[in-house]
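See below for the structure under consideration.
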Amino acid sequence: MADCAIGVIGAGSFGTALAIHIARRGAPTLLWGRDAARVAAMQDARENAQYLPGCSFPVMLTATADLTHLVGACEDLLIATPSHALRQTLQTLAPMLREAQGLVAACKGLEPGSGRLVHEVFADVLGLDRPFAVLSGPTFAKELGIGLPTAVTIAARDEAFAEKIALRLHGGGFRAYWTDDLPGVELGGAAKNVMAIGVGIADGLRLGANTRAALITRGMAEIMRLAEALGARAETLMGLSGMGDLVLTCTDDQSRNRRMGLLLAQNKSVAEAIAEIRQVVEGVKAAPEVLRLAQRHGVEMPITAAVAAVLDGRMSPVEAVRALATRPAKAENA
Numbered sequence: 210m211a212d213c214a215i216g217v218i219g220a221g222s223f224g225t226a227l228a229i230h231i232a233r234r235g236a237p238t239l240l241w242g243r244d245a246a247r248v249a250a251m252q253d254a255r256e257n258a259q260y261l262p263g264c265s266f267p268v269m270l271t272a273t274a275d276l277t278h279l280v281g282a283c284e285d286l287l288i289a290t291p292s293h294a295l296r297q298t299l300q301t302l303a304p305m306l307r308e309a310q311g312l313v314a315a316c317k318g319l320e321p322g323s324g325r326l327v328h329e330v331f332a333d334v335l336g337l338d339r340p341f342a343v344l345s346g347p348t349f350a351k352e353l354g355i356g357l358p359t360a361v362t363i364a365a366r367d368e369a370f371a372e373k374i375a376l377r378l379h380g381g382g383f384r385a386y387w388t389d390d391l392p393g394v395e396l397g398g399a400a401k402n403v404m405a406i407g408v409g410i411a412d413g414l415r416l417g418a419n420t421r422a423a424l425i426t427r428g429m430a431e432i433m434r435l436a437e438a439l440g441a442r443a444e445t446l447m448g449l450s451g452m453g454d455l456v457l458t459c460t461d462d463q464s465r466n467r468r469m470g471l472l473l474a475q476n477k478s479v480a481e482a483i484a485e486i487r488q489v490v491e492g493v494k495a496a497p498e499v500l501r502l503a504q505r506h507g508v509e510m511p512i513t514a515a516v517a518a519v520l521d522g523r524m525s526p527v528e529a530v531r532a533l534a535t536r537p538a539k540a541e542n543a
């Protein structure tokens, strides 16, 4: 019998915040990180001082660098690594997993190089028989870590598994809803990071609140067009994992992607901006993959294209804004 309901793999800011929340709910919780020295320091200090300072570990939370122990001790596993590391993480876990042991991915992005959605990477590595869900929504780690109200969506093909995970996480100011619309939840979580870089650029150039509102609205229109092409439901994109996450990420400076845009507007390079932010900025890797996915499905995404062009050096921030501003007029829903 597993000792912990859910173990968390990935001791960055969001993984740590999720582990703190689960432990606050009274469940024995294990949090895994790959750097044994840093994990030991976290366990001693009862805090992740590097990625989530000021958020104390509850009594029920234990940090560990022993992945085999965590997998063996927990009923289900929550993966909070960056999306580009998901395939490698799943490949590492595969020989350790017990039959019917479930996994929940709390990473937002498309796989670099392939553009595959999170559930597609999971199916590639572990097949379709194992319970699997995705957690997404408007969630800044610091606010979750200190216990401020937060709401998320849990998506799974098996809606009963999504409900099971949602009910385990729900409570203590944390609301968890569930759905079976995996593509909608995953695309919303990936594409909003790209839009946040665009909004950050516009705000960094002091283009005003009107421009910010236009970019958020037209950015959502782009995301919905692509989501529908992937078979997602429009109402999913108007929910927490779509509009909720888009608004959060575009409008608050806790967002790494928004801060990336602000720094690019100051003529910092991508490398310089990442060095200043000091954490993974998912939208940098997501932008070219979202654009390629859109092109594959014949979906026009001009904001995404402009952000991708700035990130790979084909346009300056000013040139990208000019390109968007001089697009021909069209019907709003065309």
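Going letter by letter, the sequence shown gives residues 210 to 543 in the numbering used here. Yeah, the Cβ is synthetic: ideal placement off N, Cα and C, and Gly gets one too. Remember, it's a predicted structure, so these values are computed and weren't measured experimentally.
Setting aside the 5 residues that flank it on each side, ILE410 is surrounded in the same chain by GLY470, LEU473, ALA474, PRO526, each with a C-beta closer than 6 angstroms to its C-beta; the list follows chain order. If you ignore the 5 residues before and after MET305, its C-beta comes within less than 8 angstroms of the C-beta of LEU276, THR277, VAL280, GLY281, all in its own chain and listed in chain order.
One thing to note: ILE215 has its Cβ within 9 angstroms of the Cβ of CYS283. Excluding the 5 residues flanking it on each side, ALA515 has same chain C-beta neighbours closer than 8 angstroms at GLY407, MET524, ALA529, VAL530, ALA532, LEU533, in chain order.
Straight-line measurement puts the Cα of SER265 at about 14 angstroms from the Cα of LEU240. By the Cβ neighbour-count rule, SER478 is exposed, with fewer than 16 other Cβ atoms within 10 Å of its own. Under DSSP, THR359 shares a beta bridge with PHE383.
According to the DSSP assignment, ASP285 belongs to no alpha helix (DSSP H) but to the beta strand (DSSP E) extending over 283–288. Between the stretch 393–408 and the stretch 322–334, the count of Cβ pairs shorter than 8 angstroms is three or higher; the stretches touch.
Fully enclosed alpha helix (DSSP H) runs of no fewer than 4 residues occupy 391–413 of the stretch 386–419, in order along the chain.
In its chain, beyond the 5 residues on either side, GLY324 have a beta carbon closer than 6 angstroms to the beta carbon of LEU502. In this structure, LEU424 and ILE512 form a Cβ contact; the two beta carbons are roughly 6 angstroms apart against a cut-off of 8 angstroms. Per DSSP, reduced to three states, the secondary structure at GLY453 is helical.
Contact annotation: ALA385 and LEU391 have beta-carbon atoms that are not nearer than 9 angstroms.
Runs of the beta strand (DSSP E) spanning 3 or more residues and lying entirely within the stretch 239–301 occur at 261–265, 270–273, 283–288, in chain order. Inside the stretch 305–359, DSSP marks whole beta strand (DSSP E) runs of 3 or more residues at positions 311–314, 341–345, from first to last along the chain.
Look at ALA441 here: in three-state DSSP terms it is coil, with no helix or strand label.
A direct Cα-to-Cα measurement between LEU520 and VAL456 gives close to 21 angstroms. The Cβ neighbour count for LYS373, taken over all protein chains shown within 10 Å, is at least 16; the residue is labelled buried.
Here DSSP, grouped into helix, strand and coil, assigns GLY448 to coil.
Between ALA360 and ASP389, the beta carbon gap of about 18 angstroms keeps them out of contact (Cβ cut-off 8 angstroms). In this structure, the beta-carbon distance from MET251 to ALA220 falls below 9 angstroms. Residues HIS293, GLY318, PRO321 of the same chain have their beta carbon placed closer than 7 angstroms to that of LYS494, with the five preceding and five following residues left out of the count. Comparing C-alpha distances from ARG233 to each of GLY381, GLY522, GLN310, ARG339 shows the shortest one belongs to GLY381. For the 9 angstroms CB-CB criterion, ILE355 and GLY453 do not form a contact. Assigned with DSSP and collapsed to three states, VAL490 falls in coil, not helix or strand. In its chain, beyond the 5 residues on either side, MET404, ILE512 have a beta carbon closer than 6 angstroms to the beta carbon of GLY428. The beta carbon of ALA236 sits closer than 6 angstroms to the beta carbons of ALA214 from its chain, once the five residues preceding and following it are set aside; these are given in chain order. Between CYS459 and ARG421, the C-beta spacing is below 9 angstroms. Here VAL508 carries a coil assignment [DSSP, helix/strand/coil].
Around the beta carbon of THR298, a 10 Å sphere encloses 16 or more other beta carbons of the protein chains shown; the residue is thus reported as buried. Listed in chain order, the non-local C-beta contacts of LEU378 below 6 angstroms within the same chain comprise ALA385, local neighbours out to five positions each way being set aside. Residue state for GLY216 is assigned as strand, using DSSP reduced to three classes.
Using a Cβ distance threshold of 9 angstroms, THR348 and GLY393 do not count as a contacting pair.
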